[in-house]
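Novice:
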Amino acid sequence: MNQFIYKNKSFLLKIKRFFNSTFGIEIIKYPTPELDRRIKLLKNYNIDTVLDVGANIGQYGSELRNIGFNGKIISFEPTSDAFKKLEKLAKNDKNWDVYNFSLGDFDGETEINIAKNSVSSSMLESLPQLTLSAPDAKFIDKETITVKKIDTIFGELNLKNKNIYLKIDTQGYENMVINGAKNSLTQIIGIQIEMALIPTYEGAITFEAMIEKLKSFNFNTTSIESGYYDKNTGKLLEVDGVFFKNNSL
1 MNQFIYKNKS FLLKIKRFFN STFGIEIIKY PTPELDRRIK LLKNYNIDTV LDVGANIGQY
61 GSELRNIGFN GKIISFEPTS DAFKKLEKLA KNDKNWDVYN FSLGDFDGET EINIAKNSVS
121 SSMLESLPQL TLSAPDAKFI DKETITVKKI DTIFGELNLK NKNIYLKIDT QGYENMVING
181 AKNSLTQIIG IQIEMALIPT YEGAITFEAM IEKLKSFNFN TTSIESGYYD KNTGKLLEVD
241 GVFFKNNSL
């Protein structure tokens, strides 16, 4: 069943939207406890705009819609194949914008490593732990992509007076995204970011270092969501940290 849902996600989302618009029935996936916490946090902080950095094919944006978030979603995905699927998914959603570039700590071009499973693609090189725990994460190609700093594009996104939530899932490159957003972070209320307990990419900073870094920008740990784990050993490799500013309420 899970495989069917994954392969037909776009079709099922269209059915959901049809019922919503035709009959006024809101179909919402029953949330896990972690997802339920996130829903409550987004509502509690009046989040109306989500910056989805590292969107892949739109899994996170779809999840937001499935739990009833009707605000603005702005997704960024640099790889060409994944972006085509993301663009197709979002095209009938007037409140979901998509951009075909990466976010980082410079403006320019670079190469990204393309993983067999797509979701593990990264601008960083992988460590042995990655493919030991997930053979499909093996890099099979490279692609030249555009990179921009959040600080460079922030003023172009019409975000004035918005309550912004920044989600970053960039396979070890999260620290560089934050480094390119230092000025913009003053206007961002919440952050959801992937953090490594056991690094799987060269140059990725640790869970502890990221918490301290975000604390220096006045973001405090609000929730931790379980993430990727080694299916051979059961060891948790990554978690998603959710952070908000204390003065945001």
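Going by the UniProt record's numbering, the residue at position 128 of the sequence shown is 128; the numbering climbs one at a time, nothing skipped.
A virtual CB, placed ideally from N, CA and C, is assigned to each residue, including glycine.
(1) Per the DSSP calculation, valine 242 is bridged to which residue(s)?
(2) Nearest to isoleucine 114 by CA position, among Gly108, Leu124 and Phe106, is which residue?
(3) Can you name, in chain order, every residue of its own chain whose Cβ lies under 8 Å from the Cβ of aspartate 107, other than the five neighbours on each side?
(4) Which residue from Pro128, Asn44 and Ile112 puts its Cα closest to that of serine 121?
(5) Extract the residue ranges of the beta strand (DSSP E) inside the segment 36–108, only unbroken runs of 3 or more that lie entirely within it.
(6) With distances taken from CA atoms, which of Asn56, Tyr45 and Lys40 is nearest isoleucine 67?
(7) Please go through the same chain and pick out, in chain order, the residues whose beta-carbon is closer than 8 Å to the beta-carbon of asparagine 95, but skip the five residues on each side of it.
(8) Are the beta-carbon atoms belonging to isoleucine 191 and phenylalanine 219 less than 8 Å from one another?
(9) Relative to the C-alpha of glycine 241, which candidate in Tyr228, Ile145 and Ser118 has its C-alpha closest?
(10) Name, in chain order, the residues that DSSP records as bridge partners for lysine 182.
(11) Closer than 6 Å by C-beta to leucine 130: which residues in its own chain qualify, once you throw out the five before and the five after it? Chain order, please.
(12) I want to know whether the segment 86–101 touches the segment 48–62 - three or more CB-CB distances under 8 Å.
(13) Checking 8 Å against the spacing of the C-beta atoms, do leucine 185 and phenylalanine 207 come in under that value?
(14) Quick check: isoleucine 189 and lysine 116, are their CB atoms within less than 8 Å of each other?
(15) Between the beta-carbon of glutamate 202 and the beta-carbon of glutamate 174, is there less than 8 Å?
Specialist: Reading off the structure:
(1) Gln192 and Ser223
(2) Leu124
(3) Val147, Lys148, Lys149 and Thr152
(4) Ile112
(5) 49–53, 72–76 and 96–99
(6) Lys40
(7) Asn70, Gly71, Lys72 and Ile73
(8) yes
(9) Tyr228
(10) Paired residue(s): none; lysine 182 is not in a bridge.
(11) Ala137 and Thr200
(12) yes
(13) no
(14) no
(15) no
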